[in-house]
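Here's the structure we're looking at; comments come further down.
Number of protein chains: 2
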Amino acid sequence: MANPSQHTTQDSPQDTAHDLVPLDLSADVVTLTAALCDIESVSLDERRVCDAIEAALVPLEHLTVTRIGNTLVARTELGRDERVVLAGHIDTVPLTKAPANLPTRREGDDLVGRGTVDMKGGVAVQLKAALVTEPSRDLTFVFYEGEEIDSEHNGLLHVQQQRPELIADADFAVLLEPTASQVEGGCKGTLRVDVTARGVAAHSARPWNGRNAIHAAADLLNRLTAYEPATVTVDGLDYHEALNATGIRGGIAGNVIPDECVVTVNYRYAPDKSPEVALAHVAELFEGYDLVELDNAPGARPGLDLPAAKAFVEALGLPVIAKEGWTDVARFSAMDIAAVNFGPGDPNLAHHDDERCPVSQLVSAEAALLRWLA
Amino acid sequence: MANPSQHTTQDSPQDTAHDLVPLDLSADVVTLTAALCDIESVSLDERRVCDAIEAALVPLEHLTVTRIGNTLVARTELGRDERVVLAGHIDTVPLTKAPANLPTRREGDDLVGRGTVDMKGGVAVQLKAALVTEPSRDLTFVFYEGEEIDSEHNGLLHVQQQRPELIADADFAVLLEPTASQVEGGCKGTLRVDVTARGVAAHSARPWNGRNAIHAAADLLNRLTAYEPATVTVDGLDYHEALNATGIRGGIAGNVIPDECVVTVNYRYAPDKSPEVALAHVAELFEGYDLVELDNAPGARPGLDLPAAKAFVEALGLPVIAKEGWTDVARFSAMDIAAVNFGPGDPNLAHHDDERCPVSQLVSAEAALLRWLA
Numbered sequence: 432m433a434n435p436s437q438h439t440t441q442d443s444p445q446d447t448a449h450d451l452v453p454l455d456l457s458a459d460v461v462t463l464t465a466a467l468c469d470i471e472s473v474s475l476d477e478r479r480v481c482d483a484i485e486a487a488l489v490p491l492e493h494l495t496v497t498r499i500g501n502t503l504v505a506r507t508e509l510g511r512d513e514r515v516v517l518a519g520h521i522d523t524v525p526l527t528k529a530p531a532n533l534p535t536r537r538e539g540d541d542l543v544g545r546g547t548v549d550m551k552g553g554v555a556v557q558l559k560a561a562l563v564t565e566p567s568r569d570l571t572f573v574f575y576e577g578e579e580i581d582s583e584h585n586g587l588l589h590v591q592q593q594r595p596e597l598i599a600d601a602d603f604a605v606l607l608e609p610t611a612s613q614v615e616g617g618c619k620g621t622l623r624v625d626v627t628a629r630g631v632a633a634h635s636a637r638p639w640n641g642r643n644a645i646h647a648a649a650d651l652l653n654r655l656t657a658y659e660p661a662t663v664t665v666d667g668l669d670y671h672e673a674l675n676a677t678g679i680r681g682g683i684a685g686n687v688i689p690d691e692c693v694v695t696v697n698y699r700y701a702p703d704k705s706p707e708v709a710l711a712h713v714a715e716l717f718e719g720y721d722l723v724e725l726d727n728a729p730g731a732r733p734g735l736d737l738p739a740a741k742a743f744v745e746a747l748g749l750p751v752i753a754k755e756g757w758t759d760v761a762r763f764s765a766m767d768i769a770a771v772n773f774g775p776g777d778p779n780l781a782h783h784d785d786e787r788c789p790v791s792q793l794v795s796a797e798a799a800l801l802r803w804l805a
Numbered sequence: 432m433a434n435p436s437q438h439t440t441q442d443s444p445q446d447t448a449h450d451l452v453p454l455d456l457s458a459d460v461v462t463l464t465a466a467l468c469d470i471e472s473v474s475l476d477e478r479r480v481c482d483a484i485e486a487a488l489v490p491l492e493h494l495t496v497t498r499i500g501n502t503l504v505a506r507t508e509l510g511r512d513e514r515v516v517l518a519g520h521i522d523t524v525p526l527t528k529a530p531a532n533l534p535t536r537r538e539g540d541d542l543v544g545r546g547t548v549d550m551k552g553g554v555a556v557q558l559k560a561a562l563v564t565e566p567s568r569d570l571t572f573v574f575y576e577g578e579e580i581d582s583e584h585n586g587l588l589h590v591q592q593q594r595p596e597l598i599a600d601a602d603f604a605v606l607l608e609p610t611a612s613q614v615e616g617g618c619k620g621t622l623r624v625d626v627t628a629r630g631v632a633a634h635s636a637r638p639w640n641g642r643n644a645i646h647a648a649a650d651l652l653n654r655l656t657a658y659e660p661a662t663v664t665v666d667g668l669d670y671h672e673a674l675n676a677t678g679i680r681g682g683i684a685g686n687v688i689p690d691e692c693v694v695t696v697n698y699r700y701a702p703d704k705s706p707e708v709a710l711a712h713v714a715e716l717f718e719g720y721d722l723v724e725l726d727n728a729p730g731a732r733p734g735l736d737l738p739a740a741k742a743f744v745e746a747l748g749l750p751v752i753a754k755e756g757w758t759d760v761a762r763f764s765a766m767d768i769a770a771v772n773f774g775p776g777d778p779n780l781a782h783h784d785d786e787r788c789p790v791s792q793l794v795s796a797e798a799a800l801l802r803w804l805a
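Here the protein sequences line up with chains A and B, keeping their order.
The numbers in the first sequence follow my numbering, run straight up by one, and end at 805.
The numbers in the second sequence follow my numbering, run straight up by one, and end at 805.
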């Protein structure tokens, strides 16, 4: 091997011997998915599953493992021309209570339970890929905590902030979030603004002494409903933009003409636009109204024109579509690393009480990835 | 005198000797207004001012005084052909704190302080009229508590519920709420409804999987803004109807297409309409939407075609206009007693920190009323 196995840890003193759950990476991908799910790891409670993955990876001599909190980065150092990140989060949303949707169980062709879709199935595929000692490109595996909650807890963000060199040298990234085993390229950006219609307060028995801000907001809603969102082709993929009110509020009392009506608008924009361009577009649409930017996260280009991405898509031979929702691929994009989403499981079942994944998708996702790395 | 003075009390045991404030009804109306204002009587704290008025009325042998809580009814029993109610509330809204707008003070031609407009000035005019021993028609004075807060505390309502015979025999009522010494006839009714636009929730990155209820509410607001409210002439007075959104709410989270948007609509309707007709009118306008009635208080006809009302207007020789806001005249209307608003003070200054009343209005309102009763 080009590099001897190394193992460094920071931020998280080890105290694992007492409850370490053994993880057998040689098991088939379905068994491995079930084993990962059965180690409950709701956000902020990822230590046990992180310990288990770490203990399974450390003996693999072709990998250099670094731990940051409950996030692991495992790198091959084979001197290949190309380096690819395979990333997945190890936390889940909370379990359904009665009945709890763990431990996992088989129902026909489905593996059922919390995490089977979002995204222990993808993590199992990563781990199977981690067993490949001579992959066709260098690999950087990221297993990270805190994806399902506020971004301050996001382990991928922590790596970017604290040890960027561990991922910054990659040419391409695959995020193994559920896509029903299609390839979903990049992601749209998301901007939220408060748009305010103003009026003059008055008693509602004598409205002619005031000006109704809610009535004024009719024009604002009419601009929204008349708006025709664009479909923008970026690197060959069609991103469907969307502009929607996600909130509205106005009114002081039952007998008062309100002097203010606030509409919260969410603009989901194609990754050809910067956050600044997106904001200017919305400001132009709502010219004449007060506008306050609440948050604005850029999208990610799929980068399907890059050799690494092309090779990935060709090797998998699967349909490629645009990712409509915002995902952590945007964090790679911010580091100028093209990224796609590819993982087993129907994203519409993520977070559902009845979360379940067809075992055939687990098997085919593993097979596609291994084919590409062969 | 036709009737010896009588005095009965119910509901409120007397315990007044220790802090009784003497009230000199022989003082001029401006001095009397100031004295009434200086006995603070914010809603639910009317006992002291009620005690003072009661103590001043009981010695008047031409009046029969009944106390219900902190509400007083004082009646002449002269066997006249006609009986008129003169009613006013004795509570005020809370004082302004820094600086407190009491005690009253003179500023040029104005008497300044809490209650000067709403409506201790009117109460002072009532008390001056109560001194007339041989009025041209029988009089029923009502001095009542709890008008500025929830109607369960309203002393006029308590009289209607507990001792209706004390007022039910009247032909006409004058409510001495501030009208800047004009005569304001009747009042509009008021209906509030919640109108709900419905949709289907979805992720805001994929809105085509849902239907935006806030966008659907655009049509609802367009119906509101396109609505042309009627001006309805009732008994010779023009009532300007009004239809307004007084509240709007919708939205679940910043990334969710909302499935519900609720608009609270207030319809102020002319007193030719019953509450049922008003509701049907609004339901027709918002056909296709869910509609929930929140509250619905009928208006009051001015009854200016009735002999008692005609005589009042002719004697005063003042301009007569429609009352646009809802007032307690509607409580008389519900008992089939025509009623008008007539009192000193600009209603736009009611509840203001800088509440103030020109002394000329106090004097002219008293003079007009005494002219009519002569």
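For every residue, glycine included, the Cβ atom is placed at its ideal position computed from N, Cα and C.
On a predicted model such as this, the values are computed, not experimentally measured, just so you know.
What's the call for residue i, buried or exposed, on a 16-neighbour Cβ count within 10 Å?
i: His-738 of chain B; result: Position check: residue 738 of chain B holds Pro in this sequence, whereas His was assumed. Exposed.
i: Lys-741 of chain B; result: exposed
i: Val-496 of chain A; result: buried
i: Asp-442 of chain B; result: Since pLDDT at Asp-442 of chain B reaches only 47, below the 50 mark, its modelled position is unreliable, and the value read off the structure follows with that caveat. Exposed.
i: Pro-530 of chain A; result: exposed
i: Asn-640 of chain B; result: exposed
i: Ala-805 of chain B; result: exposed
i: Leu-793 of chain A; result: buried
i: Lys-559 of chain A; result: buried
i: Ala-765 of chain B; result: exposed
i: Arg-732 of chain B; result: buried
i: Gly-510 of chain A; result: exposed
i: Val-708 of chain A; result: exposed
i: Arg-568 of chain A; result: buried
i: Asn-772 of chain B; result: buried
Thinking C-alpha only, which one of the options is nearest residue i?
i: Ile-688 of chain B; options: A:Tyr-700, A:Cys-692, A:Ala-673, A:Ala-701; result: A:Ala-673
i: Arg-654 of chain B; options: B:Asp-569, B:Tyr-720, B:Val-554, B:Val-524; result: B:Tyr-720
i: Val-516 of chain A; options: A:Val-794, A:Leu-793, A:Asp-767; result: A:Asp-767
i: Ile-521 of chain B; options: B:Pro-789, B:Leu-587, B:Arg-787; result: B:Leu-587
i: Leu-491 of chain B; options: B:Gly-678, B:Val-563, B:Ala-657, B:Lys-528; result: B:Val-563
i: Asp-469 of chain B; options: B:Leu-454, B:Leu-533, B:Arg-506, B:Leu-526; result: B:Leu-533
Any idea what DSSP makes of residue i, helix, strand or coil?
i: Leu-804 of chain A; result: helix
i: His-493 of chain B; result: coil
i: Asn-686 of chain B; result: coil
i: Asp-569 of chain A; result: strand
i: Leu-409 of chain B; result: Here chain B has residues from 432 to 805 only, and residue 409 of chain B is not among them.
i: Arg-809 of chain A; result: In this structure chain A extends from 432 to 805, so residue 809 of chain A is not present and cannot be described.
i: Gly-678 of chain B; result: strand
i: Gly-616 of chain A; result: strand
i: Asp-650 of chain A; result: helix
i: Phe-717 of chain A; result: coil
i: Pro-595 of chain B; result: helix
i: Ala-765 of chain B; result: coil
i: Asp-469 of chain B; result: helix
i: Asp-726 of chain A; result: strand
i: Gly-553 of chain A; result: helix
i: Gly-630 of chain B; result: coil
i: Asp-625 of chain A; result: strand
_Taking 8 angstroms as the cut-off, does the region 603–620 of chain B touch the region 756–767 of chain B (at least 3 CB pairs, one atom from each stretch)?_
Yes, the region 756–767 of chain B is in contact with the region 603–620 of chain B.
*Name the residues in the region 634–651 of chain B whose C-beta lies less than 8 angstroms from a C-beta of chain A; which are they?*
His-634, Ser-635, Ala-636, Arg-637, Pro-638, Trp-639, Asn-643, Ile-645, His-646, Ala-648, Ala-649
*Any contact of the region 532–549 of chain A with the region 486–503 of chain A, i.e. 3+ C-beta pairs under 8 angstroms?*
Verdict: no, contact absent.
*Does the region 629–640 of chain B come close enough to the region 660–679 of chain B that 3 or more CB-CB pairs lie under 8 angstroms?*
no
*asked:* Please list, in chain order, the residues of the region 681–705 of chain B that have any C-beta partner in chain A closer than 9 angstroms.
replied: Gly-681, Gly-682, Ile-683, Ala-684, Gly-685, Asn-686, Val-687, Ile-688, Pro-689, Cys-692, Val-694, Thr-695, Asn-697, Arg-699
*When Cβ atoms are compared, which residues of the region 669–681 of chain B fall closer than 9 angstroms to chain A?*
His-671, Ala-673, Leu-674, Asn-675, Ala-676, Thr-677, Gly-678, Ile-679, Arg-680, Gly-681
*Below 8 angstroms between beta carbons is the criterion; list the residues of the region 743–755 of chain A that meet it against any residue of chain B, in chain order.*
Glu-755
*Does the region 616–624 of chain B come within contact of the region 617–625 of chain A, defined as at least 3 CB pairs closer than 8 angstroms?*
no
_Contact list for the region 759–774 of chain A against chain B, Cβ threshold 9 angstroms_ = none
*asked:* Any C-beta of chain B within less than 7 angstroms: which residues of the region 567–595 of chain A qualify?
replied: none
*Any residues in the region 621–634 of chain A with a beta carbon nearer than 8 angstroms to a beta carbon of chain B? Which ones, in chain order?*
The region 621–634 of chain A vs chain B, Cβ under 8 angstroms: Thr-621, Arg-623, His-634.
*Taking any Cβ of chain B, which residues in the region 652–664 of chain A have a Cβ under 7 angstroms from it, in chain order?*
Leu-652, Asn-653, Leu-655, Thr-656
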